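Enquirer: Encoded as structure tokens, here's the structure I'll be asking about.
Residue numbers (our numbering): 371 to 546.
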């Protein structure tokens, strides 16, 4: 079996980071690029992205499969069935400290939106919107969750993570 025939590592990494978050008492979030294959409440999608809290407390019947992430959750008090193809997940991270992993975005995400920033909507009462920014080169794609308190600088340097207990949120950076 060669590398092209092997299964994707993405679902295994998602499961591993989910387990790491729960073992450490952290809240796992997944950032998802939404298209017609993603079953989520569309009213919570912002700029084609949504961030979902997939913690044990926020979901029921959670299944982290090789092809789909499926669960039931309440949105605005209404129960909803959620189904996300694993290939549409662009990041999984801990809400509390921002540690996690970003994945190369699906092909339709390679073109950044206005200003080079793609926004997300966080579905948790305790969290606020996050932003992700892809880098310019297709071979060096990096997705970062950055604080909305300050815009990214124009020198190409990623923003520094917020300090614990500070007002901003931490950042997530994929390192190859």
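Heads up, the beta-carbon is just placed ideally off N, CA and C, and yes, glycines get one too.
Remember, it's a predicted structure, so these values are computed and weren't measured experimentally.
1. I need the DSSP call for residue 434, collapsed to helix, strand or coil.
2. Taking buried to mean at least 16 other C-beta atoms within 10 Å of its own C-beta, is residue 479 buried or exposed?
3. Using only the alpha-carbon positions, how far apart do residue 434 and residue 381 sit?
4. Got a sec? Which residues, its chain only, sit under 8 angstroms from residue 438 by beta carbon, not counting five neighbours each side?
5. How do the segment 403–420 and the segment 383–390 stand: do at least 3 beta-carbon pairs fall below 8 angstroms, yes or no?
6. Report back the beta-carbon spacing between residue 422 and residue 400 to the nearest angstrom; my notes put them in contact at under 8 angstroms.
7. Give the range of the alpha helix (DSSP H) segment to which residue 386 is assigned.
8. My understanding is that residue 396 touches residue 444, with C-beta atoms under 8 angstroms, so please give their C-beta distance in whole angstroms.
9. Assuming residue 458 and residue 407 are in contact, meaning their beta carbons sit under 8 angstroms apart, how far apart are those beta carbons, in whole angstroms?
10. Just to confirm my understanding: we take residue 383, look at its own chain, exclude 5 residues before and 5 after, and list those with CB closer than 7 angstroms. What are they?
11. Between 449, 436, 419, 420, which has its C-alpha nearest residue 429's C-alpha?
12. Distance check for residue 418 and residue 474, CA to CA, integer angstroms please.
13. Can you tell me whether DSSP reads residue 399 as helix, strand or coil?
14. Roughly how many whole angstroms lie between the Cα atoms of residue 477 and residue 394?
Expert: The answer reads as follows:
1. As a working note, residue 434 is residue 64 in the chain shown. Strand at residue 434.
2. Position 109 of the chain shown, counted from the first residue, corresponds to residue 479. For residue 479, the predicted model reports a pLDDT of 46, less than 50, meaning its position is unreliable and no value from the coordinates is stated.
3. Position 64 of the chain shown holds residue 434. Position 11 of the chain shown holds residue 381. The alpha-carbon separation between residue 434 and residue 381 amounts to approximately 7 angstroms.
4. Counting from one through the chain shown, the residue named residue 438 turns up at place 68. Non-local C-beta neighbours of residue 438 in its own chain, meaning closer than 8 angstroms and more than five positions away in sequence, comprise 453, 454, 455, 456, ordered along the chain.
5. no
6. For the purposes of this step, residue 422 is taken as residue 52 along the chain shown, with counting starting at 1. For the purposes of this step, residue 400 is taken as residue 30 along the chain shown, with counting starting at 1. Rounded, the Cβ-Cβ distance is 5 angstroms, consistent with contact.
7. Within the chain shown, residue 386 is the residue found at index 16, counting from 1. Element bounds for residue 386: 380–393.
8. Stepping through the chain shown from its first residue, residue 396 is reached at position 26. Stepping through the chain shown from its first residue, residue 444 is reached at position 74. Wrong, their Cβ atoms sit about 21 angstroms apart, outside the cutoff.
9. Working through the chain shown from its first residue, we reach residue 458 at position 88. Working through the chain shown from its first residue, we reach residue 407 at position 37. Yes, they are in contact, since the Cβ atoms of residue 458 and residue 407 sit about 7 angstroms apart, within 8 angstroms.
10. Your numbering for residue 383 matches position 13 in the chain shown. Hits under 7 angstroms: 471.
11. Mapped onto the chain shown, residue 429 falls at position 59. It is 449.
12. Numbered from 1 along the chain shown, position 104 holds the residue referred to as residue 474. Numbered from 1 along the chain shown, position 48 holds the residue referred to as residue 418. The straight-line gap from Cα to Cα measures roughly 16 angstroms.
13. Along the chain shown, one-based indexing puts residue 399 at 29. Residue 399 sits in a strand when the DSSP states are folded into three classes.
14. The count along the chain shown starts at 1 and reaches residue 477 at position 107. The count along the chain shown starts at 1 and reaches residue 394 at position 24. Their Cα atoms are separated by approximately 33 angstroms.
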